[in-house]
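Going from the sequence shown to the numbering used here is simple: count from 1 and add 9. Each residue gets a CB set at the ideal place from its N, CA and C atoms; glycine is no exception.
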Amino acid sequence: VSLRLSLAETDAMAARDARILRRKVIIWAVVFIPLFFFSLCIGGNQGIYHGAPLEYYNFSPLEVIEAIGLHLHDLAALTPFVTAYDHQWLVDNHIVYFFLPYKFGVVVITCVCALLLSLSGMLYQNVFRNPIATPTMLGVQSGVNLGTLIMVAVFGTAALDMVLPRYLLCYGCGIAMLLLVLAGGKLIAGKRPFSVVDLLLVGTAVGAIVGVLVQYIPATWDEGTWEVFYALSEALNTGASPVAFASVGVVFVIAVIPVFLLRWKLNALSFDNVEVRLLGIDPSRLRMIALRSEER
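Right, here's the structure in full:
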């Protein structure tokens with residue numbers, strides 16, 4: 010059987026792949042846009058593990074559409090041709106107007122974090138050539154939990170309202186944990202070629218040790234401090250502060266851009282190391298870049 014393909018056949022394959030991609034994008038948009046909109050209609054939270062429990066409150070799609078129209082009117086009011094609405098009138102008649110910006114920010118941050126999480130899963134699965142690989146395999150999640158543990162242990166219940174220290178400490182510990190695992194894997198490998206199996210061994214050991222600390226230490230705290238730790242570690246509170254937007258934006262840029270620029274080379278990681286080297290690509294260096302992009 011001949012393995013050669015003609016130019017016409019390769020062009021047909023490329024056109025078919027392009028059609029499949031367009032179909033996937035259309036399906037994604039049809040599903041995502043309504044979900045995004047209806048997410049704006051739902052607000053509030055309740056439960057003893059939330060920092061500021063509130064009863065659930067929902068708005069109808071028509072109320073949300075009207076609030077969007079009011080915000081568009083505000084943009085038009087920046088010109089001399091449109092008059093802005095009175096603030097008190099908005100308070101008395103359109104409470105959704107004030108709720109919408111915060112909820113919009115929460116939904117946007119949630120969607121961006123979901124995109125980054127899917128990108129992280131893709132990198133791990135590609136690097137380890139394992140369809141069930143997850144970020145928890147190298148201790149990143151353990152590092153974040155350790156940072157949360159340290160923060161609550163130092164600041165107590167006040168940690169719930171400390172946005173910037175939370176990002177710096179928790180995600181800083183996550184990055185430090187991954188760097189520790191990478192260094193440990195390299196140390197175990199010694200003079201041997203860099204192996205992902207070594208990373209998995211070190212990551213599993215470090216994750217188990219940190220897991221014991223995260224499970225045991227909070228059990229000795231009082232109920233209020235434990236509830237704060239539970240709320241932070243389980244991400245029950247989603248903020249839309251400028252710090253949150255800045256942090257997510259920076260992470261998005263420094264994680265997505267390298268992956269986009271190296272997208273063709275990253276595909277080569279699905280092949281054997283010998284085959285990758287024959288393509289002129291250093292698989293060890295590419296795996297390190299992929300993992301460091303993921304850690305961000």
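Proximity test, Cβ basis, 7 Å: residue i and chain B
i: Phe-280; result: This model lacks chain B altogether; it includes just one protein chain.
Between the CA atoms of residue j and residue i - distance to the nearest angstrom
i: Val-39; j: Val-116; result: 17 Å
i: Phe-280; j: Pro-70; result: 49 Å
i: Leu-270; j: Thr-92; result: 47 Å
i: Leu-132; j: Glu-18; result: 30 Å
i: Ala-76; j: His-96; result: 14 Å
i: Ile-29; j: Phe-45; result: 24 Å
i: Val-265; j: Gly-258; result: 10 Å
i: Leu-8; j: Arg-175; result: With the chain covering 10 to 305 only, the question about residue 8 has no answer from this structure.
i: Leu-109; j: Ile-42; result: 16 Å
i: Gly-78; j: Ala-253; result: 26 Å
i: Lys-33; j: Ala-23; result: 15 Å
i: Gly-181; j: Ala-21; result: 48 Å
i: Ile-263; j: Glu-232; result: 39 Å
i: Arg-25; j: Leu-16; result: 14 Å
i: Ala-228; j: Arg-294; result: 42 Å
i: Gly-130; j: Ile-184; result: 16 Å
i: Trp-98; j: Phe-113; result: 22 Å
i: Arg-138; j: Asp-291; result: 16 Å
i: Leu-177; j: Ile-35; result: 38 Å
i: Trp-273; j: Met-186; result: 28 Å
i: Glu-327; j: Val-73; result: In this structure the chain extends from 10 to 305, so residue 327 is not present and cannot be described.
i: Ala-27; j: Trp-37; result: 15 Å
i: Pro-251; j: Tyr-111; result: 11 Å
i: Arg-286; j: Leu-275; result: 13 Å
i: Phe-90; j: Ala-255; result: 34 Å
Residues near residue i by beta carbon distance below 7 Å, same chain, minus five either side
i: Gly-306; result: No answer is possible for residue 306: the residues shown for the chain start at 10 and end at 305.
i: Pro-140; result: Gln-134
i: Ile-51; result: Asn-67
i: Gly-220; result: Ser-151
i: Tyr-58; result: Note that Tyr-58 scores 41 on pLDDT, short of 50, meaning its location in the model is unreliable; the coordinates nonetheless yield the value given after this. Counting only Cβ-Cβ distances below 7 Å, and skipping sequence neighbours, we find Glu-236, Tyr-239, Ala-240, Leu-245.
i: Leu-209; result: Met-146
Other residues of its chain near residue i: CB distance less than 6 Å, five sequence neighbours each side excluded
i: Val-223; result: Asn-154, Leu-158
i: Ile-197; result: Asp-207
i: Cys-179; result: Val-153, Gly-156, Thr-157
i: Ser-48; result: Val-116
i: Arg-13; result: none
Chain-order list of residues whose beta-carbon lies under 8 Å from that of residue i (same chain, five-residue window excluded)
i: Ile-226; result: Leu-158, Ala-162
i: Gly-289; result: none
i: Phe-164; result: Met-171, Pro-174
Supposed contact pair residue j and residue i - C-beta distance, whole angstroms, cut 8 Å
i: Leu-128; j: Val-268; result: 6 Å
i: Leu-278; j: Val-190; result: Going by Cβ atoms, the distance from Leu-278 to Val-190 rounds to 18 Å, so no, they are not a contact pair.
i: Ala-217; j: Ile-118; result: Incorrect: roughly 31 Å between the Cβ atoms, too far for contact.
i: Thr-166; j: Thr-234; result: 6 Å
Any non-hydrogen atom of the ligand NAD closer than 6 Å to residue i Cβ
i: Phe-164; result: In the structure shown, the ligand NAD is absent, as is every other ligand, since no ligand is present at all.
Contact between the region 136 to 148 and the region 211 to 219 (3+ Cβ pairs under 8 Å): Output reads yes: the region 211 to 219 touches the region 136 to 148.
Inter-stretch contact at 8 Å, needing at least 3 Cβ pairs: the region 119 to 131 / the region 82 to 91: Not touching, per the Cβ criterion.
Cβ contact check for the region 98 to 118 and the region 233 to 241: 3 or more pairs under 8 Å: No: fewer than three Cβ pairs fall under 8 Å.
Any alpha helix (DSSP H) of 4 or more consecutive residues that is wholly inside the region 77 to 115: The region 77 to 115 contains, as complete alpha helix (DSSP H) runs of 4+ residues, the segments 96 to 102 (chain order).
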